[in-house]
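Offset between the sequence shown (1-based) and my numbering: plus 22. Note that CB positions come from ideal geometry on N, CA and C, so glycine has one too. Fair warning: this is a prediction, and the values are worked out from it, not measured in the lab. Heads up: the structure comes next, in structure tokens.
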Amino acid sequence: MALLLKAERILCDRNFDSLWFDLSQYAVELALLGEIDLSRHLVSLLFTSGAMRPYSRPTFGGLTFAWNQTQDWPQGLLEEASSEAVIEELREQYRTSTLYNLQKLQNPPPSGDDKVLEMCVAHFQGRWKKHYQVGTWRNEEDVKQLLVRALELSLQISEGIPPSSADIQDKQGTENKDGMDQDRSRIKVADLDDISSDILRRLAAGWNYHGQQIYLSEAEHLWPYYMKGLLADAMQISQETVRTRGKAVINAFSKRLREGRKAILDGKSIKELLEIGSHNTISGPGLATWAENAVEPPETLFREPATIDEIAKLEERLNIQLPEEYKEFLLISNGFGGIFNGFFNSAALFSVDEVKWNYEKYFRLPVEVLNLPYEIQDLADKIYVREETFPERKQALPLFDRVLEIGHEGRDNVWLVQPYLFEQAKAAYQQMYDRADAGQKYIIERAMEGVAGSKEDFEKMEWAVITWASGSSANMVGYGGFRRYLQDSIEDSSEVNKKTYFMEEGVISSCEINLYLGRIAFTDVTTRAMKRYKKLKTPLDELCAYCAMDTVPFRYYNHLRLSDI
23 MALLLKAERI
33 LCDRNFDSLW
43 FDLSQYAVEL
53 ALLGEIDLSR
63 HLVSLLFTSG
73 AMRPYSRPTF
83 GGLTFAWNQT
93 QDWPQGLLEE
103 ASSEAVIEEL
113 REQYRTSTLY
123 NLQKLQNPPP
133 SGDDKVLEMC
143 VAHFQGRWKK
153 HYQVGTWRNE
163 EDVKQLLVRA
173 LELSLQISEG
183 IPPSSADIQD
193 KQGTENKDGM
203 DQDRSRIKVA
213 DLDDISSDIL
223 RRLAAGWNYH
233 GQQIYLSEAE
243 HLWPYYMKGL
253 LADAMQISQE
263 TVRTRGKAVI
273 NAFSKRLREG
283 RKAILDGKSI
293 KELLEIGSHN
303 TISGPGLATW
313 AENAVEPPET
323 LFREPATIDE
333 IAKLEERLNI
343 QLPEEYKEFL
353 LISNGFGGIF
363 NGFFNSAALF
373 SVDEVKWNYE
383 KYFRLPVEVL
393 NLPYEIQDLA
403 DKIYVREETF
413 PERKQALPLF
423 DRVLEIGHEG
433 RDNVWLVQPY
443 LFEQAKAAYQ
453 QMYDRADAGQ
463 KYIIERAMEG
473 VAGSKEDFEK
483 MEWAVITWAS
493 GSSANMVGYG
503 GFRRYLQDSI
513 EDSSEVNKKT
523 YFMEEGVISS
533 CEINLYLGRI
543 AFTDVTTRAM
553 KRYKKLKTPL
563 DELCAYCAMD
573 TVPFRYYNHL
583 RLSDI
């Protein structure tokens, strides 16, 4: 599957940093699939809107090679980014990285392109059989890069002559003029030799694996083929479809820049939000999560309501007056099951008996309600001391002295941030804003928009909610109060924001293997899985051995491709 970013998600995603990253990756993908002009337009929007800083160095993988070949550069890219020195540095990085992976196979690598190609093909075919069947191929960086290098060599050896730069520029101009595909000038997989075709099949199968598209973009000599639609043909996607999807994303991003974030659940009551979250988690987009964990879904995420007296006793025990929207929640449901967040179920919310102050020393963390670059945080005065660091370190944001824990599961925590701490954080953010240049102000405003809806709403906030994930992938996310936390969490559980991990035709997930073995009593899903197993060419015990079912966590990955068994 290609071009998975949805226009609707662009309009409502609260995490602008994540959105910028996804859009920049989308620009690379558009170009690889032959739409250089649309890709350049999207990059220009990212730069000129202020959504990204106009860096002097390239930040889009090997798109620099495409822009250099067409001699048409995006707006907002600093002039030195198109210099021959920068381009030559990119070439050297690609050569060095490729040589490193070749040397891992044989040091020194064999001489002659045909021998190198033979070694590459033998290597990735072996790795493909060993790793790709159980999903770890996506993490094999050497396989992904050597596939690209092998394609370069294969096309060169088979004398697959790419079109000239003048031909490319003429094609781009013709397409801009009449908007029609130039089918007669497109290069198709069927026109290539067997080795090149096989490599392209494997590249298409791993299209969305981490880093694969960047590696493809870094191969300068392959760009003429990309511009002539070779990868689009390998992905079995028409140029018209690529163009239509690309325009939809650009139009959605332009609208987001003009009108701000679209909050799809504005106006819903807290009870309505909870009902939507319960539905999405149990029978909506989150349904598959229960099957993956071999757990029957609950009938509801709701709990019995708390009483006014129970809430009053909670406030007395905590010695604090809780925010009204949080108390309204407790009167509807005294705690709430974990809501599906697009990947898995988030931390469940506590009942009144479980809510507590937590004074652990490791909570001496900065109150980072906004996700801002360090260059912006450094604009504010550093007046708070982190004593637990060595040497002691000063910083601009206040530190948690304790946290009001209202939800917890595993390494995931949900905290209410007290007004006095949040006021200190807001003062630091205001100082950053006052000292920021225009581009930095834009970034701060977008961060405030993601948390509270707008800069004005952020400034009116009294309480904040922070989620904290501890451990090796530590992550802190701020929300504009309890209701905003609920709303954003439930928007994440919707189909629009679902983080989909596509399984292409002929791919089986380990979850389905569990289902086939009768480990989960979901008859409808099991029946669907069994129909697919009629294609299997290997005994089930061997299939289970491939997946190491008792030791490997299955969520999101560990896919086995039927055609390679």
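Using the Cα positions of residue i and residue j, report the straight-line distance between them to the nearest angstrom.
| i | j | result |
| --- | --- | --- |
| residue 322 | residue 297 | 9 Å |
| residue 224 | residue 62 | 27 Å |
| residue 299 | residue 438 | 20 Å |
| residue 434 | residue 511 | 14 Å |
| residue 329 | residue 355 | 10 Å |
| residue 307 | residue 295 | 16 Å |
| residue 36 | residue 375 | 32 Å |
| residue 242 | residue 125 | 21 Å |
| residue 386 | residue 257 | 49 Å |
| residue 38 | residue 65 | 16 Å |
| residue 262 | residue 55 | 11 Å |
| residue 471 | residue 141 | 52 Å |
| residue 47 | residue 232 | 11 Å |
| residue 362 | residue 305 | 11 Å |
| residue 209 | residue 219 | 12 Å |
| residue 109 | residue 116 | 11 Å |
| residue 454 | residue 399 | 7 Å |
| residue 521 | residue 313 | Confidence is the limiting factor: at residue 521 the pLDDT is only 45, short of 50, which leaves the residue's position unreliable and the question unanswerable from this model. |
| residue 260 | residue 72 | 32 Å |
| residue 212 | residue 436 | 54 Å |
| residue 408 | residue 422 | 10 Å |
| residue 277 | residue 283 | 9 Å |
| residue 319 | residue 301 | 11 Å |
| residue 402 | residue 457 | 8 Å |
| residue 380 | residue 492 | 15 Å |
| residue 489 | residue 50 | 32 Å |
| residue 504 | residue 290 | 14 Å |
| residue 465 | residue 177 | 44 Å |
| residue 25 | residue 139 | 30 Å |
| residue 40 | residue 415 | 29 Å |
| residue 393 | residue 468 | 10 Å |
| residue 5 | residue 235 | With the chain covering 23 to 587 only, the question about residue 5 has no answer from this structure. |
| residue 42 | residue 426 | 32 Å |
| residue 418 | residue 406 | 6 Å |
How many whole angstroms separate the CB atoms of residue i and residue j, which I take to be in contact at a CB cut-off of 8 Å?
| i | j | result |
| --- | --- | --- |
| residue 135 | residue 175 | 5 Å |
| residue 369 | residue 431 | 4 Å |
| residue 30 | residue 268 | With a Cβ gap of about 16 Å, residue 30 and residue 268 do not count as contacting. |
| residue 513 | residue 287 | 6 Å |
| residue 274 | residue 32 | 4 Å |
Determine the DSSP secondary structure at residue i, reduced to helix, strand or coil.
| i | result |
| --- | --- |
| residue 242 | helix |
| residue 232 | coil |
| residue 287 | coil |
| residue 23 | coil |
| residue 302 | helix |
| residue 432 | coil |
| residue 80 | Because residue 80 carries a pLDDT of 49, less than 50, the predicted location of this residue cannot be relied on, and no value is offered for it. |
| residue 165 | helix |
| residue 421 | strand |
| residue 439 | strand |
| residue 321 | coil |
| residue 426 | strand |
| residue 69 | helix |
| residue 38 | helix |
| residue 43 | helix |
| residue 365 | coil |
When every heavy atom of the ligand HEM is checked, does at least one fall within less than 7 Å of the C-beta of residue i?
| i | result |
| --- | --- |
| residue 478 | The ligand HEM is not part of this structure, which contains no ligands at all. |
What first and last residue would you give for the alpha helix (DSSP H) that runs through residue i?
| i | result |
| --- | --- |
| residue 596 | No answer is possible for residue 596: it lies beyond the span of the chain, which begins at 23 and ends at 587. |
| residue 595 | Not covered by the structure: residue 595. The range shown for the chain is 23 to 587. |
| residue 20 | Not covered by the structure: residue 20. The range shown for the chain is 23 to 587. |
| residue 268 | 261-281 |
| residue 347 | 346-354 |
| residue 31 | 29-34 |
| residue 126 | 106-127 |
| residue 218 | 216-227 |
| residue 459 | Note, residue 459: premise wrong, no alpha helix (DSSP H); not H, not E. |
| residue 333 | 330-340 |
| residue 316 | Premise fails: residue 316 is in no alpha helix (DSSP H) and is neither H nor E. |
| residue 253 | 252-256 |
Could you pull the start and end residues of the beta strand (DSSP E) that residue i belongs to?
| i | result |
| --- | --- |
| residue 416 | 415-417 |
Next on the checklist: Quick check for students: name the residue ranges of the alpha helix (DSSP H) that lie wholly in the region 369-410, counting only runs of 4 or more.
Outcome noted: DSSP runs (the alpha helix (DSSP H)) wholly in the region 369-410: 396-399.
Next on the checklist: At 3 residues or longer, what runs of the beta strand (DSSP E) sit wholly inside the region 471-515?
Outcome noted: 486-491 and 497-501
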